[in-house]
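Undergrad: Numbering (our numbering), first residue to last: 36 to 456.
All residues carry an ideal CB built from backbone N, CA and C; glycine is no exception.
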Ligand SMILES: Nc1ncnc2c1ncn2[C@@H]1O[C@H](COP(=O)(O)OP(=O)(O)O)[C@@H](O)[C@H]1O
Ligand SMILES: [Mg+2]
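The structure is reproduced here in structure tokens:
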């Protein structure tokens, strides 16, 4: 079976996760290298400091190289820029004066026309995702090949990013000694790794709640309906706790992970049971209920923002009318999906049955990846395996990377004398 090496670098606001894998034609993945390091210089999914961001990418890739003994030169880069825009578009092509069966060449022609869409000069195309075909007057065709038609229309979902943000992130990768095979929006990547085709057919919403952003993608009839990135995430929850309880951010982060239980709504004992007893002046006991109350307020807000995106998308007349559009409910990914009891609150606010999305089991060095926080990282590998890129012809290959790669590889060689570099 044909195998190829794919490298994914998931650049989040809290971590950079680099994965190197063997991917075969069946999308079966064997992880051979993994490097997870804290990210720096990334704020709400955007580069805020090029030196820091490129250094954290470099560190993470270097670890993946160390664990695999391979060198990484080209990567699929996952981003969650909070300033993306998305829209629908339609490309039309003629099939023939006399109706004839649609061929592969016609489909490719339609895709080419779709990718040549005019977008504002200051933006770049990130994704052009085919949603459905219309053959003459027959709408909702999934695979037009072999069907007779005079004319074919291809509906696509287009995602764009400001040129400046695109350049900043590509610059970081180049500075870290990496060429970019393609950029992938994290919430689309997560959808690839955790959504089941039955769910995307029925209608489903994915919310990837990371540290600085919440990425949303929604599907109906197997088609992508909506992508959005909100500039809120787990960092706000931590900050709320820190300010609300008057404690340092590090302690708030720990309390959030260890003592939050949003499902235990009316537990009479929760009030009596101090989560921790802190000896800072003026802090004293911290009750679990206070922790959960503060967190719940922010989770409520994030979920209401998700709902407002969905309501806008389906143009529903009443607040809950959109619920019937998504019978498969909502799937939560990202580190914040691990928040104790978040499923219950998400369900209560959105009205959608909710589950946490864990990436599929894979062979190799994959133990750590069996967590919602890595849904996007695994998804980027899957997108890489499928060559997601054609619309990103604006991405330049960086010349002069050789020295930077050699420099990185040299350090790996010193650390991994047995490596096949
Ligand atoms: N067990 C947990 N409970 C609550 N929040 C968590 C937990 N684990 C991670 N998080 C939060 O998830 C966020 C990081 O999620 P992640 O998807 O890795 O972010 P990013 O991709 O933006 O770097 C952080 O805000 C972190 O505090
Ligand atoms: Mg993320």
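If I follow the unbroken alpha helix (DSSP H) through residue 190, where does it start and stop?
TA: Within the chain shown, residue 190 is the residue found at index 155, counting from 1. Counting along the chain, residue 190 falls outside any alpha helix (DSSP H), though it belongs to the beta strand (DSSP E) covering 186-197.
Undergrad: Who are the Cβ neighbours of residue 68 in its own chain at under 6 Å, not counting the five residues just before and after it?
TA: As a working mapping, residue 68 is identified with position 33 in the chain shown. Excluding residues within five positions, the ones whose Cβ falls inside 6 Å are 55, 99, 102, 103.
Undergrad: For residue 493, which residues of its own chain have a beta-carbon under 8 Å away from its beta-carbon, when the five flanking residues on both sides are left out?
TA: Any property of residue 493 remains undetermined from this structure, which presents the chain solely from 36 to 456.
Undergrad: If we ignore side chains and look at the alpha-carbon of each, how far apart do residue 448 and residue 289 end up?
TA: The sequence position of residue 448 within the chain shown is 413, counting from 1. The sequence position of residue 289 within the chain shown is 254, counting from 1. Because residue 448 carries a pLDDT of 44, less than 50, the predicted location of this residue cannot be relied on, and the following value inherits that uncertainty. The straight-line gap from Cα to Cα measures roughly 36 Å.
Undergrad: Going by the C-beta, is residue 392 closer than 6 Å to any heavy atom of ligand 2?
TA: Taking the first residue of the chain shown as position 1, residue 392 is located at position 357. Every heavy atom of ligand 2 is 6 Å or more from the Cβ of residue 392, so no.
Undergrad: Check for me: the alpha helix (DSSP H) holding residue 294 runs from which residue to which?
TA: Here residue 294 is taken as the residue at index 259 of the chain shown, counted from 1. Counting along the chain, the alpha helix (DSSP H) containing residue 294 begins and ends at 284-294.
Undergrad: For ligand 2, which residues count as neighbours when the test is a C-beta closer than 7 Å to any heavy atom?
TA: Residues with a Cβ closer than 7 Å to any heavy atom of ligand 2, in chain order: 45, 47, 115, 221, 243, 245, 369, 411.
Undergrad: Measuring only the C-alpha atoms, how far is residue 88 from residue 263?
TA: The residue given as residue 88 occupies position 53 in the chain shown. The residue given as residue 263 occupies position 228 in the chain shown. Their backbone Cα atoms lie some 23 Å apart in a straight line.
Undergrad: For residue 291, verify whether its CB is less than 6 Å away from any heavy atom of ligand 1.
TA: Numbered from 1 along the chain shown, position 256 holds the residue referred to as residue 291. At a threshold of 6 Å, residue 291 counts as near ligand 1, since its beta carbon sits closer than that to one of the ligand's heavy atoms.
Undergrad: When the Cα atoms are used, what is the spatial distance from residue 358 to residue 384?
TA: As a working note, residue 358 is residue 323 in the chain shown. As a working note, residue 384 is residue 349 in the chain shown. C-alpha separation (whole angstroms): 11 Å.
Undergrad: Are the region 213-230 and the region 105-122 touching by the rule of at least three beta carbon pairs closer than 8 Å?
TA: In short, these stretches touch, since the Cβ pair count reaches three.
Undergrad: How close, in whole Å, do the beta carbons of residue 365 and residue 240 come, if the pair is a contact with beta carbons under 8 Å?
TA: Indexing the chain shown from 1 puts residue 365 at position 330. Indexing the chain shown from 1 puts residue 240 at position 205. At roughly 4 Å, the Cβ-Cβ gap stays under 8 Å, so residue 365 and residue 240 are in contact.
Undergrad: By a C-beta neighbour count over all protein chains shown, 10 Å radius and 16 as the cutoff for buried, is residue 423 buried or exposed?
TA: Along the chain shown, one-based indexing puts residue 423 at 388. That one is buried.
Undergrad: From residue 454 to residue 295, what distance separates their C-alpha atoms?
TA: Taking the chain shown and counting its residues from 1, one reaches residue 454 at position 419. Taking the chain shown and counting its residues from 1, one reaches residue 295 at position 260. For residue 454, the predicted model reports a pLDDT of 33, less than 50, meaning its position is unreliable; a value from the coordinates is still stated below. Rounded to the nearest angstrom, the two C-alpha atoms are 43 Å apart.
Undergrad: Should residue 269 be counted as a contact of ligand 1 given a C-beta to heavy atom distance under 6 Å?
TA: Translated into the one-based positions of the chain shown, residue 269 becomes position 234. Yes, ligand 1 has a heavy atom inside 6 Å of this Cβ.
Undergrad: Excluding the 5 residues flanking residue 121 on each side, which residues of the same chain have their C-beta closer than 8 Å to its C-beta?
TA: By one-based count along the chain shown, residue 121 stands at place 86. If you ignore the 5 residues before and after residue 121, its C-beta comes within less than 8 Å of the C-beta of 192, 193, 194, 195, 261, 262, 263, all in its own chain and listed in chain order.
Undergrad: Applying the 10 Å Cβ sphere with the 16-neighbour rule, what's the burial state of residue 402?
TA: Start at 1 with the first residue of the chain shown, and residue 402 comes out as number 367. With fewer than 16 other Cβ atoms within 10 Å, it is exposed.
Undergrad: Can you say whether residue 76 is buried or exposed, counting buried as having 16 or more other CB atoms within 10 angstroms of its CB?
TA: Here the question's residue 76 lines up with position 41 in the chain shown. The residue in question, residue 76, is buried, as its Cβ has 16 or more Cβ neighbours within 10 Å.
Undergrad: What are the start and end residues of the alpha helix (DSSP H) that includes residue 385?
TA: For the purposes of this step, residue 385 is taken as residue 350 along the chain shown, with counting starting at 1. Run containing residue 385: 377-385, per the alpha helix (DSSP H) assignment.
Undergrad: Go to residue 253, then tell me how far its beta strand (DSSP E) extends in each direction, as first and last residue.
TA: Here residue 253 is taken as the residue at index 218 of the chain shown, counted from 1. Per DSSP, the unbroken beta strand (DSSP E) holding residue 253 starts and ends at 249-255.
Undergrad: Please classify residue 279: does DSSP put it in a helix, a strand, or coil?
TA: As a position in the chain shown, residue 279 is number 244, starting the count at 1. Helix at residue 279.
Undergrad: How is residue 450 classed by DSSP in three states: helix, strand or coil?
TA: Reading the chain shown from its first residue, position 415 is the one you call residue 450. In this predicted model, residue 450 has a pLDDT of only 39, less than 50, meaning its place in the structure is not dependable; the value taken from the coordinates is given anyway. Helix, per DSSP.
Undergrad: Less than 7 Å between the beta carbons of residue 410 and residue 392, yes or no?
TA: Counting from one through the chain shown, the residue named residue 410 turns up at place 375. Counting from one through the chain shown, the residue named residue 392 turns up at place 357. Cβ atoms of residue 410 and residue 392: closer than 7 Å.
Undergrad: How is residue 338 classed by DSSP in three states: helix, strand or coil?
TA: Looking up residue 338 in the chain shown gives position 303. Residue state, collapsed to three classes: helix.
Undergrad: If we count the other Cβ atoms within 10 Å of its Cβ and call it buried at 16 or more, is residue 79 buried or exposed?
TA: As a position in the chain shown, residue 79 is number 44, starting the count at 1. Burial is judged here by how many other beta carbons sit within 10 angstroms of a residue's own beta carbon; residue 79 has at least 16 and is buried.
Undergrad: Can the beta-carbon of residue 333 be found closer than 7 Å to that of residue 275?
TA: Start at 1 with the first residue of the chain shown, and residue 333 comes out as number 298. Start at 1 with the first residue of the chain shown, and residue 275 comes out as number 240. Result yes, Cβ atoms of residue 333 and residue 275 sit closer than 7 Å.
Undergrad: Can you name the start and end residues of the alpha helix (DSSP H) that residue 171 belongs to?
TA: Position 136 of the chain shown, counted from the first residue, corresponds to residue 171. Taken as a continuous stretch (DSSP letters only), residue 171 belongs to no alpha helix (DSSP H), as it is neither H nor E.
Undergrad: Which residues in the same chain as residue 450 place their Cβ atom closer than 7 Å to its Cβ, once the five residues preceding and following it in sequence are excluded?
TA: On the chain shown, residue 450 is found 415 positions in, with the first residue counted as 1. Because the pLDDT of residue 450 is 39, which lies under 50, any placement of that residue in the model is unreliable, and the number read from its coordinates should be weighed accordingly. Closer than 7 Å at Cβ, skipping near neighbours: 101.
Undergrad: If I follow the unbroken alpha helix (DSSP H) through residue 229, where does it start and stop?
TA: As a position in the chain shown, residue 229 is number 194, starting the count at 1. It spans 221-229 - the alpha helix (DSSP H) in which residue 229 sits, taken as one unbroken run.
Undergrad: Smallest Cα separation from residue 345: which of 356, 74, 299?
TA: Translated into the one-based positions of the chain shown, residue 345 becomes position 310. With distances taken between Cα atoms, residue 345 lies closest to 356.
Undergrad: From what residue to what residue does the alpha helix (DSSP H) around residue 149 run?
TA: Residue numbering aside, residue 149 sits at position 114 when the chain shown is read from its first letter. From DSSP, the alpha helix (DSSP H) with residue 149 extends over 139-150.
Undergrad: Give the secondary structure of residue 232 by DSSP, where H, G and I count as helix, E and B as strand, and everything else as coil.
TA: Within the chain shown, residue 232 is the residue found at index 197, counting from 1. Residue 232: helix per DSSP, three-state reduction.
Undergrad: Using DSSP with H/G/I as helix, E/B as strand and the rest coil, what is residue 405?
TA: As a working note, residue 405 is residue 370 in the chain shown. In the structure shown, residue 405 sits in coil (DSSP, three-state: anything other than H, G, I, E or B).
Undergrad: Among all the DSSP beta bridges, which residues are the ones paired with residue 83?
TA: On the chain shown, position 48 is the one that residue 83 refers to. Paired residue(s): none; residue 83 is not in a bridge.
Undergrad: Quick check on this structure: which residue in 119, 140, 139 has the alpha carbon closest to the alpha carbon of residue 157?
TA: Along the chain shown, one-based indexing puts residue 157 at 122. Nearest of 119, 140, 139 to residue 157, Cα basis: 119.
Undergrad: In chain order, which beta strand (DSSP E) runs of at least 3 residues are fully inside the region 69-140?
TA: 109-114, 120-129
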